[in-house]
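Worksheet for the structure shown next.
Number of protein chains: 2
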Amino acid sequence: MKLTNTSEYALRILTFMARNPEGLFSAKSLVEKLNISDKYLRRLMTDLAKAGFIYSIQGRDGGYRFAKMPNDIFLSEVIDAVEGMKKYTGCVLGFEKCSDENPCAMHNSWVSVRAEFVKMFTTKTISDLDINDVSKF
Amino acid sequence: MKLTNTSEYALRILTFMARNPEGLFSAKSLVEKLNISDKYLRRLMTDLAKAGFIYSIQGRDGGYRFAKMPNDIFLSEVIDAVEGMKKYTGCVLGFEKCSDENPCAMHNSWVSVRAEFVKMFTTKTISDLDINDVSKF
DNA sequence: TCATTTTACTACAAGGAGGTATTATTTCGT
DNA sequence: ACGAAATAATACCTCCTTGTAGTAAAATGA
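Quick note, the sequences are listed as chains G and L, same order. Per this note's numbering, numbering of the first sequence is gapless, rising by one per residue and ending at 119. Per this note's numbering, numbering of the second sequence is gapless, rising by one per residue and ending at 119.
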């Protein structure tokens, strides 16, 4: 019941950048502000760029900039890009044949909990996250 | 949003044994009925025995038997024994300093989802799981 | 007692997540 | 053109989960 570190990092980075949605952020400046290791952050930035949330500007004075405005980036999209939301949708007891038609004993309560969980990420965008939260670590 | 395979296995084993709460089950017979690898199941049985849910009888005609009746074994206890429930209780965005007093932007919705999730495991016992579910894989 | 059946223990290996090191590539300022 | 500053790519490395292999130890039935 926890996102991976990778997803947490991705959301943290984008939320931080959303403080200045038009700004240009170097990997170095992000590493200094956020609590993420240098090389791992750089790898993540490449993933986020490939997913179309940001684009990179190489060379001197380069960095990263939003390719899509933060109020148009749903949290579920970010999670999908770096780890996938699918893993959060199976039977809680791991039964392959569990379904609405053939439910396990926890299916009904699980379906409603899961729906609320998924809704948290499919209805909120980066802009909905508090830009001050990134200092909470 | 998924238990580990290990927890799923542990719940599956105990639920299967609950079909006959007084019965003696050899590791071999459990491996044949459940979809768990032989050596891994045997290791898990040792963990479940150490946790006090079952006890083992070594030697010829040995096996495992409940040490505690299945209606007295809460699912959260089983998860605690093999992987720990703690990992399911932190801030969903990974902020260390997130709390009721200093909540992140997702804190409130997260707290209610998490409470329902935890309740699923702290209020149900092995007896509440459908003994027929173990064939759902 | 002894062979057989069964659990217990230790070590090892594959795979993914997280993290690090090194080298390439791009671009701007001079 | 060249050097500095920045991202990109590649290849490792470590840890945890999951699973496997081999050996040791225990206990019963004959």
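Using N, Cα and C, we set each Cβ at its ideal position, and we do this for glycine too.
- The residues D20, L23, R24, M27, G45, Y46, in chain order, have a CB closer than 8 angstroms to that of A9 (chain G) in the same chain once the five nearest residues on each side in sequence are set aside.
- When Cβ-Cβ separations below 9 angstroms define contact, V64 (chain L) makes no contact with chain G.
- The three-state reading of DSSP puts I(-5) (chain L) in helix, counting H, G and I together.
- Neighbourhood of S91 (chain L) in chain G, by CB distance below 7 angstroms: M102, in chain order.
- Sorting L:D43, L:T(-12), L:G5, L:M88 by C-alpha distance to the C-alpha of T104 (chain G) places L:M88 at the top.
- Beta-bridge partners of T107 (chain L) (DSSP): L:F56.
- For the pair I61 (chain G) and I108 (chain G), the CB atoms are not nearer than the 9 angstroms cut-off.
- Not one beta carbon of chain G lies nearer than 9 angstroms to the beta carbon of K21 (chain L).
- A63 (chain G) is positioned such that its CB atom lies no closer than 9 angstroms to that of L16 (chain G).
- In this model, A97 (chain G) and S38 (chain L) are separated by some 40 angstroms (Cα to Cα).
- T(-3) (chain L) has its alpha-carbon roughly 14 angstroms from the corresponding atom of L6 (chain L).
- V13 (chain L) and I36 (chain G) have their C-alpha atoms roughly 50 angstroms apart.
- The alpha-carbon of A33 (chain G) is positioned some 11 angstroms away from that of F48 (chain G).
- Secondary structure of F7 (chain G) (DSSP, three-state): strand.
- Following the DSSP letters along the chain, one finds R25 (chain G) in no beta strand (DSSP E) but inside the alpha helix (DSSP H) bounded by residues 20 to 32.
- The three-state secondary structure of F77 (chain L), taken from DSSP, is coil.
- For G45 (chain L), the enclosing beta strand (DSSP E) begins and ends at 45 to 48.
- A Cβ-Cβ distance of about 6 angstroms is found for the pair L(-7) (chain G) and L57 (chain G), placing them in contact under the 8 angstroms criterion.
- For D110 (chain G), at least one C-beta of chain L is nearer than 9 angstroms to its own C-beta.
- Taking C-beta atoms as the reference points, P85 (chain G) and A0 (chain G) fail to come closer than 9 angstroms.
- Using a CB distance below 7 angstroms, no part of the segment 2 to 31 of chain L faces chain G.
- In the DSSP assignment, Y37 (chain L) falls within the beta strand (DSSP E) that extends over 36 to 39.
- Between T(-14) (chain G) and E78 (chain G) the beta-carbon gap is near 23 angstroms, outside 8 angstroms, which marks them as no contact.
- The three-state secondary structure of D62 (chain G), taken from DSSP, is helix.
- Within chain L, the residues M102, K106, L111 have their CB atoms less than 8 angstroms from the CB of M88 (chain G), given in chain order.
- Against V60 (chain L), chain G offers no close residue; the least beta-carbon distance is about 11 angstroms (beta-carbon pairs closer than 8 angstroms).
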